[in-house]
Amino acid sequence: MSISNFFELVEVKTKLASMIPFSLGSAFAIYRYKSFNLKNFIIMFISLICFDMATTAINNYIDHTKAKNSSGNNSLLTKYGANKSKVLLIIFTLLVIATTAGIILTLNTNVIVLLIGIISFIVGVFYTFGPIPISRMPLGEVFSGFFMGFVIIFLSVYIHIFDTNIISFTYKNNILSVGINLLEIACIFLFAIPAIGGIANIMLANNICDVEEDIQNNRFTLPYYIGRPMALKLFKLLYYIGYVDIVLLVAVKVIPLASLIMLVTLIKVNKNIKLFEQRPIKNENFVISVKNFLLINGSQTIIMIIIVMISK
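In UniProt numbering, the protein residues as written are 1 to 312.
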């Protein structure tokens, strides 16, 4: 398999959906907690990108084997004539690298990273695998938004501040005690809302475009249950919630005042929403969901990084 075919298999262009939250979390850790651990940053990057590529490859492999029309254009394995055994080897290799890096990251931090990593690993695998994959259910947007939006941002913050007891476990006299700084967890969650909504909308847009084809392939996603008109309203609402959240975070001084600059992206995002509402066709306008994600969260990432650099 050539490098270009490998990149198509793992859909490398979509990895911004995990890399932007990762960068956002690290920038937030520097801004709010004045902490940055380069070694943990690199290790998590390796684990995250490999696991993201592995789950995408699994998804394409499963779609190929389960699709009723496996010769269709939507099957990447058919399109590039990929050997199934080679694809499985690639998936296995990526998972081994991701797991190894995750274990090293745990040794550098603590068991909380391991626990979150295990849960994320299970969800990531069963997102596309098993008798009823999460991606084929109406919960796909919830899981993708929460885990790729919040969990990635939380972990990318936590690896820099693991020694501050934002979450802690103590075991004494057969009693396990858990300490959680609810205020800081809430701040991180609110900070992650634009990413949660943006990532959920990428999947929602995909499911809106594919609703008829998904039904043929026994994929009963959220648009199937709530209908395309309601799904389009939800698509719009998730973006607006993100903008309101930014204003709220600035008001309570969780993020810098300069973050309000990203509100100008609402003009372009609104135009994109209208285009998608008019023609929710995958090969024409699905990319709008990716563009909106980049506009909102990319601008937020750039602003946070600039603020961090200026404040040094």
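All residues carry an ideal CB built from backbone N, CA and C; glycine is no exception. Note that the structure is a prediction, hence the values are computed from the model and not measured.
Residues near residue i by beta carbon distance below 6 Å, same chain, minus five either side
| i | result |
| --- | --- |
| Asn292 | Val269, Asn272 |
| Thr170 | Ser177 |
| Asp63 | none |
| Asp214 | Thr221 |
| Pro256 | Ile307 |
| Ala101 | Ile43, Ile46, Ser47 |
| Val252 | none |
Sub-8 Å separation of residue i and residue j beta-carbons
| i | j | result |
| --- | --- | --- |
| Ala195 | Ile153 | yes |
| Cys209 | Lys274 | no |
| Gly140 | Met203 | yes |
| Ile303 | Ala258 | yes |
| Ala205 | Phe286 | yes |
| Tyr225 | Val211 | no |
| Gln187 | Val113 | Inspection of the sequence shows that residue 187 is occupied by Cys rather than by Gln. Cβ atoms of Cys187 and Val113: not closer than 8 Å. |
| Pro21 | Ser120 | no |
| Asn165 | Ser289 | no |
| Ile43 | Phe36 | no |
| Arg228 | Arg136 | no |
| Met53 | Leu94 | yes |
CA-to-CA distance, residue j to residue i, given in whole angstroms
| i | j | result |
| --- | --- | --- |
| Asn40 | Asn173 | 33 Å |
| Val151 | Ile307 | 23 Å |
| Val247 | Val264 | 12 Å |
| Ser85 | Ile103 | 27 Å |
| Thr221 | Ser311 | 45 Å |
| Thr109 | Leu38 | 13 Å |
| Glu184 | Tyr33 | 10 Å |
| Lys13 | Leu238 | 23 Å |
| Val111 | Val96 | 19 Å |
| Leu266 | Gly298 | 13 Å |
| Arg279 | Gly145 | 24 Å |
| Leu115 | Ile122 | 11 Å |
| Asp163 | Glu277 | 47 Å |
| residue 313 | Ile175 | Since the first residue of the chain shown is 1 and the last is 312, residue 313 is not available in this structure. |
| Ala98 | Phe147 | 16 Å |
| Leu234 | Asn207 | 13 Å |
| residue 328 | Phe189 | Given that the chain is displayed from residue 1 to residue 312, the structure contains no residue 328 and the question cannot be resolved. |
| Ser2 | Val244 | 45 Å |
| Tyr240 | Ile49 | 29 Å |
| Lys236 | Pro138 | 18 Å |
| Ile161 | Phe7 | 33 Å |
Assumed close pair residue i, residue j - CB separation to whole angstroms, cut-off 8 Å
| i | j | result |
| --- | --- | --- |
| Leu105 | Ser47 | 6 Å |
| residue 314 | Ile91 | Because the chain in this structure spans residues 1 to 312, residue 314 falls outside the shown range and cannot be described. |
| Leu182 | Val87 | Incorrect: roughly 44 Å between the Cβ atoms, too far for contact. |
| Ile296 | Gly198 | 6 Å |
| Leu16 | Leu294 | 7 Å |
| Tyr158 | Phe143 | The pair is not a contact, with the Cβ atoms about 20 Å apart (cut-off 8 Å). |
Contacting residues, own chain, Cβ-Cβ under 8 Å from residue i (five flanking each side not counted)
| i | result |
| --- | --- |
| Leu260 | Ile246, Val247, Val250 |
| Lys68 | Caution applies to Lys68, whose pLDDT of 48 falls short of 50 and renders its modelled position unreliable; the value that the coordinates give is listed next. The residues are Gln216, Asn217. |
| Tyr61 | Leu77, Lys84, Val87, Leu88, Ile91 |
| Met262 | Ile246, Ile296, Ser299, Gln300, Ile303 |
Spatial neighbours of residue i in its chain, beta-carbon cut-off 7 Å, leaving aside the 5 residues before and after
| i | result |
| --- | --- |
| Gly124 | Phe51, Thr55 |
| Ala27 | Thr301, Met304, Ile305, Val308 |
| Ser168 | Gly179 |
| Ile284 | Just to set this straight, residue 284 is Glu in the shown sequence, not Ile. There are no such residues. |
| Ile132 | none |
Residue i at chain D interface by Cβ criterion, 8 Å
| i | result |
| --- | --- |
| Gly227 | In summary, chain D is missing from the structure at hand, where a single protein chain is found. |
Exercise. Scan the stretch 86-147 and note each continuous alpha helix (DSSP H) run of 4 residues or more that stays entirely inside, going in chain order.
Key: For the stretch 86-147, whole alpha helix (DSSP H) runs of length 4 or above, ordered along the chain, are 111-126, 140-144.
Self-check item: Complete runs of the beta strand (DSSP E) confined to the stretch 162-249 [at least 3 residues]
Solution: Counting whole runs of 3 or more residues, the stretch 162-249 contains the beta strand (DSSP E) stretches 167-172, 175-180.
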